[in-house]
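Each residue of the sequence shown is one higher than the one before, starting from 101 at the first, in the working numbering.
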Amino acid sequence: MKVYGVTGWKNAGKTGLMERLVSEITVRGFTVSTIKHAHHSFDVDQPGRDSYRHRVAGASEVLLASGQRVALMQELRGEPEPQLHDLLARLSPVDLVLIEGYKQENHPKIEAFRAVAGTQLIAPENKTVRAVASDTALHLDVPVFDLNDTQAIADFILNEVALAPLSDQHSN
């Protein structure tokens with residue numbers, strides 16, 4: 101599986117860019133999965149539901165299945181957070197895995213940047229950042245894309261991971 105990241109600071113536009121990229125790349129016929137890193141505790145379950153009750157009762161894993169989806173919740177219960185490579189190994193094979201966050205991991209990334217967020221760029225100090233998607237003009241040693249030019253950003257990523265040679269890229 102090919103792997104590419106979208107990174108940036110809070111309110112930089114990462115999630116919106118991820119959403120648009122998943123849509124753009126899947127419409128081109130590629131399969132995509134995503135991994136999102138959260139820096140805080142989160143819960144995808146709802147209090148009172150059977151699966152929540154199983155987990156709270158002490159289950160290490162709760163697998164919830166229906167005709168539309170399967171969800172596997174795993175409680176770490178004091179164990180260390182899984183490494184990115186371990187999480188990738190859990191995914192079913194797809195053409196591309198887009199990763200949101202994980203600034204310090206070694207996979208190639210594009211940085212989402214919004215001037216209004218008031219944060220410093222990651223790209224100048226992090227060589228895994230291969231390009232920046234920005235809402236303002238920047239002069240950097242890596243390509244800079246308009247944050248809203250999803251097609252161009254998708255073209256760049258697909259070329260980077262060798263899923264779409266430049267001559268085969270779509271121009272929808």
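By construction, the Cβ of each residue, glycine as well, lies at the ideal position given by its N, Cα and C atoms.
Assignment of beta strand (DSSP E) within the region 115-172, counting only whole runs of 3 or more residues, yields 132-136, 161-165 in chain order. Here the region 106-119 lies against the region 205-221, with 3 or more beta-carbon pairs under 8 Å apart. For Q174, the beta-bridge partners assigned by DSSP are E161. Excluding the 5 residues flanking it on each side, Y152 has same chain C-beta neighbours closer than 7 Å at D145, Q146, in chain order. For R190, the enclosing alpha helix (DSSP H) stretches over residues 184-190. Comparing alpha-carbon positions, the option among L196, L172, Q204 lying closest to L263 turns out to be L196.
Here the C-alpha atom of G167 lies approximately 50 Å from the C-alpha atom of H239. Of the other Cβ atoms in all chains shown, fewer than 16 fall within 10 Å of the Cβ of T236; this residue is therefore exposed.
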